[in-house]
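Numbering of the sequence shown is given in UniProt numbering, commencing with residue 1 and proceeding in unit increments. All residues carry an ideal CB built from backbone N, CA and C; glycine is no exception. Please read all numbers here as calculations on a predicted model, not as lab measurements.
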Amino acid sequence: MNFSFNKDFYKNPLFYLFFFNLILFLKQGLFQRSKWLTLLAIFLLLFQLLIALTEQTAERKRAKWLILILLLLSLCLLFQGRASKKERSSDSPPPIESSLTNTEEDSIKQYQSIVSNYTPLTIDELVNDAFSKNSLLFLGKASCPYCRDFVPLFHENMQKLAIVSKVYYCNVEEITEDEKKQLLAKYPIVGVPTLIYLKDDGTYDILDESEISLPEWLTALPKKK
């Protein structure tokens with residue numbers, strides 16, 4: 001077949017089809033998909049441009065069919081490109097937010113698992129001294145990230161230092177204003193997590209990590225005979 005430059009190329013519908021497909025491919029990001037899709041898209045666009053800028057008598061008689069075929073090919077490429085995008089999206093790693101949520105859930109489970117080994121103590125029991133002396137009291141809640149960080153360290157140090165002491169756990173998750181007033185009237189608690197050593201004589205010692213580390217504080221506790 002002989003091709004020659006078509007001076008009236010701007011009258012050829014394929015010339016406008018070329019620009020339409022080019023804009024459509026760019027908008028859909030078809031050139032950023034797989035290599036073979038990119039090559040097919042480029043080939044199709046170049047072929048459309050070639051036909052639009054040249055004269056070919058045999059093809060001009062079937063112009064409508066040619067436009068229809070090229071349009072269908074373009075749509076097939078777009079459809080394949082979308083399918084490829086969905087496939088890549090399904091294989092992509094989970095969002096950061098999801099990972100953070102899973103990490104928080106794991107730390108809550110770990111926290112609850114550790115404190116389940118302690119003896120539960122209500123605010124009323126604590127205020128009325130309904131507990132054994134020479135024991136440890138931990139006040140915290142699962143929704144507190146600092147509590148969730150503190151509990152594993154406390155548990156690890158208790159095992160490492162071989163501290164033999166009864167540990168009470170007071171869950172302040174749903175503490176009322178009245179209970180809070182009673183608690184603060186008995187112990188000068190600033191917030192949670194709070195670790196207290198309840199002495200035999202009725203006095204107490206509250207851990208203050210700004211003055212002493214947790215291991216040092218635990219080591220200084222009176223040893224049980």
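Assigned secondary structure, residue i (DSSP; H/G/I helix, E/B strand, else coil)
i, result
"residue 171", "strand"
"residue 178", "helix"
"residue 135", "strand"
"residue 103", "helix"
"residue 223", "coil"
"residue 190", "coil"
"residue 162", "coil"
"residue 185", "helix"
"residue 128", "coil"
"residue 108", "helix"
"residue 212", "coil"
"residue 149", "helix"
Spatial neighbours of residue i in its chain, beta-carbon cut-off 7 Å, leaving aside the 5 residues before and after
i, result
"residue 161", "215, 218 and 219"
Between the CA atoms of residue j and residue i - distance to the nearest angstrom
i, j, result
"residue 143", "residue 173", "7 Å"
"residue 152", "residue 181", "29 Å"
"residue 197", "residue 146", "20 Å"
"residue 166", "residue 119", "8 Å"
"residue 124", "residue 105", "30 Å"
"residue 136", "residue 194", "10 Å"
"residue 176", "residue 223", "36 Å"
"residue 211", "residue 164", "24 Å"
"residue 130", "residue 108", "28 Å"
"residue 156", "residue 150", "10 Å"
"residue 189", "residue 117", "23 Å"
"residue 159", "residue 179", "32 Å"
"residue 110", "residue 102", "12 Å"
"residue 202", "residue 221", "15 Å"
When the options are compared against residue i, the one with the closest alpha-carbon
i, options, result
"residue 169", "132, 203, 185 and 190", "132"
"residue 204", "187, 125, 177 and 211", "187"
"residue 200", "109, 134, 107 and 121", "134"
"residue 148", "210, 183 and 114", "114"
"residue 122", "111, 140 and 109", "140"
"residue 213", "154, 179 and 191", "154"
Chain-order list of residues whose beta-carbon lies under 6 Å from that of residue i (same chain, five-residue window excluded)
i, result
"residue 127", "182 and 186"
"residue 206", "196"
"residue 209", "none"
Cut-off 8 Å between Cβ atoms - residues of its own chain near residue i, not counting five sequence neighbours on either side
i, result
"residue 112", "142"
"residue 192", "139, 140, 141, 144, 146, 147 and 172"
For residue i: DSSP bridge partner residues
i, result
"residue 206", "196"
"residue 120", "169"
"residue 140", "171"
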